[in-house]
Amino acid sequence: MSLHLYNTLSGKVEEFSPATDNTVRMYACGPTVYDYGHIGNFRTFVAVDILRRFLRQSGFGLNHVMNITDVDDKIIRNAAQQEKSVDEYTKQYEEAFLEDMQTLNLERPEKMVRATEHIEEMARFIQKLEEKGFAYKTEDGSYYFSIAKFPEYGKLSKKDFGGMEVGARVDVDEYEKDNARDFALWKAPKEGEAFWESPIGPGRPGWHIECSAMSIKYLGESFDLHAGGEDLTFPHHENEIAQSEALTGKQFVHLWFHVRFLLVEGKKMSKSEGNFFTLRDLLLKGHKPSAIRYLLASVPYTRQLNFTFAGLEQAAHSVQRLRDFKSRLSMANLPAGKNQVVQDLAAHTQLQMRSSLDDDLNTAQALAAVFDMVREMNTLADRGELRQDDKAPLLATLEKFDEIFAVLGDDDTEKMTRAMEWAKAHGKAGESSLTATISDEDAERLVTERNNAKKARDFARSDAIRKQLADAGIVVEDTKDGTRWKRK
RNA sequence: GGCGCGGUACCCAAGUGGUAAGGGAGAGGUCUGCAAAACCUUUAUGCGUCGGUUCGAUUCCGACCCGCGCCUCCA
């Protein structure tokens, strides 16, 4: 089987492949940088990250563009309240977002672009739409898109606007629009608010136009895939289609990829419910980035995911099981030779992972394949039936797995420490529940010391050191291949 | 109201017209100086409820109940 993905436009799971050459041209709606990213945002970004990682593993090239929305009503309002420029205000959150991406092992898209750096392109876009008769200007200098001129309006969100009245001007929001459903392309400046000069006059862009203008600029008039959270289907993406196809007369995007919202503790996340968490909140509560990523990745993107703290604990254990297996394998001292059963199983597991992900990124099933392998190989290892040459294919399978899931490399402590430092610098250290820890070097030194005590059969000393390490969050495990330690 | 998605064990969660993956947790056991890890056994005659189709349905159809999303820029 080859890669199949659900396409919101057709409402079906379709075979996916890039149209022009072997490179996938994809655009993903990025963050609006008015605050720190929350766990819901990151479910979407993790899903897109898994998509791009799997596309690459499937042999495609990538040209992935992500926008940073650094101008919108909320930004302008908040910046004004804090007496900051729009730039100054958005910069801090953009930086935080990039850091959060690293925390979750989200790969950098090939290109990240800011809305405010493409005002010119947007203005020209609107100008052309006006020339073609799809856009009109109102008395105050704002521009709107006339959905009556675009009969296919509603095709993505499956909405029927056929019965809408056209012509009679409706007064909405102080602006004069031909049709209540017409959406803003360009907003005339309001008293005291930030605005930009442009070929179509002063003002600021509507929300939707940035994605059309930037995606077409960097990916062409027709490209392969466009991704975002499910809420963007309407109106955002519907409007992008209308603007873009009105301008070019070509199909804008072939496949629309939408990520389902998550629930937090069984309810829609909202500040009033008290179940609203930024990524940073979770780190400061002591949750590992790898556990967060694992939990977000473990439920297929088309399914609603219930994000709970119990689930987060479970995810941490699951990740640990995989890491334990990997380190057991890596340090094992095995007899020469190979076991054909192992070779076959490794190959089979890779096939299973691949076909699961080919099936609309069924991550839950891919995980099951890996855990099956882990259990069977642990059994063989316990029985002493593993051979030296079995290591490579098993480790290679784990590597394939981690090319997608990216949870095996242990840099959690480092990232959590960074979060704690950030919190201190922002006067939020009080919220932290991170326990004090020690450096790798100190841990190594104590482990060696304990081993010496153990060899001398000084178990009291050895247990005292174990306790000392445990207090620093370090677990020591004795195996027949030597002692290993890990951070809890 | 319109459109759409889902309800599977203690929790999370796959899946199939032929009798329930995987992870976590619990219980018992093996191993172990201790402790972990690992392994073994065990935990849904049952897949929201009620009907229908079928030799057979959790899987298809219908009704109902519940949860969720979009329908005024929330991922």
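Using this note's numbering, the final residue of the first sequence is 497, and nothing's skipped along the way.
Glycine included, each C-beta is placed from N, C-alpha and C at the ideal position.
About 6 angstroms separates the Cβ atoms of L113 and F51, confirming a contact at the 8 angstroms cut-off. If you check the CB distance, A375 and S365 come in under 8 angstroms.
The beta carbon of A197 is closer than 6 angstroms to those of D149, G150, S151 and G212 in its chain, skipping five residues each way along the sequence. Listed in chain order, the non-local C-beta contacts of E254 below 6 angstroms within the same chain comprise F261, local neighbours out to five positions each way being set aside. If you look at M425, you'll find it in the alpha helix (DSSP H) that goes D421 to A434. DSSP places K476 within a helical segment (H, G or I) once states are collapsed to three. Looking at L455, V308 and R65, the one whose alpha-carbon comes closest to that of V268 is V308. Every beta strand (DSSP E) stretch that sits fully inside the segment 42 to 93 and reaches 3 residues is listed by chain position as 70 to 77. By alpha-carbon distance to D81, the top candidate from I218, T426 and M35 is I218.
The segment 117 to 130 and the segment 308 to 323 do not touch, with fewer than three beta-carbon pairs separated by less than 8 angstroms. The C-alpha of L343 lies about 7 angstroms from the C-alpha of L395. Contact check for G46 and F106: beta-carbon distance about 6 angstroms, within the 8 angstroms limit, so the pair qualifies. Here the segment 286 to 303 makes contact with the segment 424 to 432; the two share three or more CB pairs at distances below 8 angstroms. Sixteen is the threshold: since fewer than 16 other Cβ atoms of the shown chains lie within 10 Å of the Cβ of K276, the residue is exposed.
Inter-residue distance for D191 and Y153 is about 6 angstroms (C-alpha atoms, whole angstroms). The beta carbons of L60 and L370 sit about 6 angstroms from each other, so the pair counts as a contact at 8 angstroms. In the assembly as shown, K83 is an exposed residue. Its beta-carbon has fewer than 16 other beta-carbons within 10 Å.
Of all C-beta pairs linking the segment 226 to 237 to the segment 156 to 168, fewer than three are shorter than 8 angstroms, placing the two stretches out of contact. Excluding five sequence positions before and after Y98, the CB atoms of its chain that fall closer than 6 angstroms to its own CB belong to A88, given in chain order. Between E247 and S166 a beta carbon distance of about 5 angstroms is seen, short of the 8 angstroms cut, so the two are scored as contacting. In terms of Cβ geometry, V33 and L14 do not form a close pair [threshold 8 angstroms].
If one requires a minimum length of 3 residues, the beta strand (DSSP E) runs lying completely within the segment 232 to 290 are 232 to 238, 262 to 268 and 271 to 273, in chain order. M35 is bridged by DSSP to H73 and L234. Assignment of M10 by DSSP, reduced to helix, strand and coil, places it in the coil class. Proximity to M75 across H326, S281 and C220 peaks at C220, based on C-alpha coordinates. Look at D353 here: in three-state DSSP terms it is helix. Taking a contact to require three or more Cβ pairs closer than 8 angstroms, the segment 330 to 337 and the segment 406 to 419 qualify as touching.
The beta-bridge partner set that DSSP reports for E486 consists of R493.
By the neighbour-count criterion, in which a residue is buried when 16 or more other Cβ atoms sit within 10 angstroms of its Cβ, V351 is buried. Per DSSP, the unbroken beta strand (DSSP E) holding V22 starts and ends at K21 to E24. When only Cα atoms are considered, M382 and W494 end up about 23 angstroms apart.
Beta-carbon to beta-carbon, T78 and T41 are separated by about 4 angstroms, close enough to satisfy the 8 angstroms threshold. About 5 angstroms separates the CB atoms of H73 and M35; that is less than 8 angstroms, so the two are in contact.
Of the candidates D44, K497 and C38, the residue whose Cα lies closest to the Cα of E322 is K497.
Boundaries around K146 are those of the beta strand (DSSP E), A144 to K146, since no alpha helix (DSSP H) includes it.
Across the structure, D472 and H326 are spaced so that their CA atoms are roughly 25 angstroms apart.
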